[in-house]
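Undergrad: Residue 558 is where the sequence shown ends in my numbering, and the numbering goes up by one at each step.
Ideal placement from N, C-alpha and C gives every residue a C-beta, glycine not left out.
Remember, predicted model here, so these are calculated numbers, not experimental data.
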Amino acid sequence: MLITADKSARFVEFDCAAAAENIMIAAESLGLGSHVMTMTELIFASEKGRELKREMGVPEGYEHICIIAIGYKDESPPEKPRKRDVINYVK
């Protein structure tokens, strides 16, 4: 899923981040996994990428903010060890 925003609007990154979070929460509620990908300018910088953007119907004047991959999760991902002592308290 490609999330885009009007380049002339203010604070679009915040609005799109909130939308992305809600999409990911909705996917989880349906039993799906999701992963947000940024730096989409690398994808759309080439001629092939610009062609893809046109094919997807992204309006002129809109910029791509992020992509969300949505799909079925691995049923049994390996458990990752927890990081300890990663918080520092400053007095």
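CB-CB under 8 Å to G516, same chain, minus the five flanking residues each way: which ones, in chain order?
TA: I510
Undergrad: Can you tell me which residues form a DSSP beta bridge with P497?
TA: Per the sequence shown, residue 497 should be read as Leu rather than Pro. Answer by DSSP bridge pairing: none, since L497 is not bridged.
Undergrad: Using the rule of at least 16 other Cβ atoms within 10 Å of the residue's Cβ for burial, across every protein chain shown, is T471 buried or exposed?
TA: buried
Undergrad: List in chain order: all unbroken beta strand (DSSP E) runs of 3+ residues lying wholly within the stretch 502–536.
TA: none
Undergrad: Should A512 be labelled buried (16 or more other beta-carbon atoms within 10 Å of its own) or exposed?
TA: With fewer than 16 other Cβ atoms within 10 Å, it is exposed.
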